[in-house]
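What follows is one structure encoded as structure tokens, with my remarks underneath.
Written out as structure tokens, the structure is:
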């Protein structure tokens, strides 16, 4: 049985100084929490100092995205190796905002998943349906397609390393929440 995981995605919030302040305030609050895996995913600019601040703690460090190539002419992108050198163990892939705002597809999420696994990162693959898809009763098809897409070509040994995060896009900003049964 996998240990439950709670990952905090800070999105495009907090400077380096603000990130370090939040970490210093957050760590003492964890006390003896051992039955939940905790992961913090600050902005890219805070990854290195956050990794240093989390060193020796039980809290994992994650990135909010990565490119599937190891290097190259990809302005503004970061590679798995870059994330690893900052201390990242996790990377969020396929977040609904990346899909909606930046045109990520099931294929690109799959390429990133394969690259993350190859590099030794733990992918947190986000899946979920929009309000329109939910109202159209295609939730199972959409989420199923996203899961199948993310796992295409993943070796059996890699499947258990991937975390699938259900992200009910329809609930974002609506005041509605998904029940555990829906998730």
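Residue numbers (the working numbering): 1417 to 1599.
Glycine residues also receive a C-beta, built at the ideal position from the N, C-alpha and C atoms.
On a predicted model such as this, the values are computed, not experimentally measured, just so you know.
Whole angstroms is fine: what's the gap from residue i's alpha carbon to residue j's?
i: residue 1445; j: residue 1552; result: 42 Å
i: residue 1462; j: residue 1435; result: 7 Å
i: residue 1478; j: residue 1457; result: 5 Å
i: residue 1570; j: residue 1454; result: 25 Å
i: residue 1494; j: residue 1536; result: 15 Å
i: residue 1573; j: residue 1469; result: 32 Å
i: residue 1466; j: residue 1549; result: 37 Å
i: residue 1506; j: residue 1420; result: 15 Å
i: residue 1448; j: residue 1475; result: 12 Å
Taking buried to mean at least 16 other C-beta atoms within 10 Å of its own C-beta, is residue i buried or exposed?
i: residue 1517; result: exposed
i: residue 1528; result: buried
i: residue 1540; result: buried
i: residue 1562; result: buried
i: residue 1480; result: buried
i: residue 1489; result: exposed
i: residue 1515; result: buried
i: residue 1459; result: buried
Shortest alpha-carbon distance to residue i belongs to which of the options?
i: residue 1556; options: 1544, 1566, 1565, 1567; result: 1544
i: residue 1565; options: 1587, 1521, 1426, 1591; result: 1521
i: residue 1366; options: 1542, 1531, 1578; result: Residue 1366 lies beyond the range of the chain shown here (1417 to 1599); nothing can be said about it.
i: residue 1464; options: 1432, 1502, 1440; result: 1502
i: residue 1422; options: 1450, 1510, 1492, 1533; result: 1450
i: residue 1547; options: 1593, 1440, 1586, 1534; result: 1586
I think residue i touches residue j, with their Cβ atoms under 8 Å apart; what is that distance to the nearest whole Å?
i: residue 1532; j: residue 1509; result: 7 Å
Between residue i and chain B, is any beta-carbon pair separated by less than 7 Å?
i: residue 1589; result: In the displayed structure, chain B is absent; only one protein chain is listed.
Q. Should the region 1526 to 1543 be regarded as contacting the region 1474 to 1488, the criterion being three or more beta carbon pairs within less than 8 Å?
A. yes
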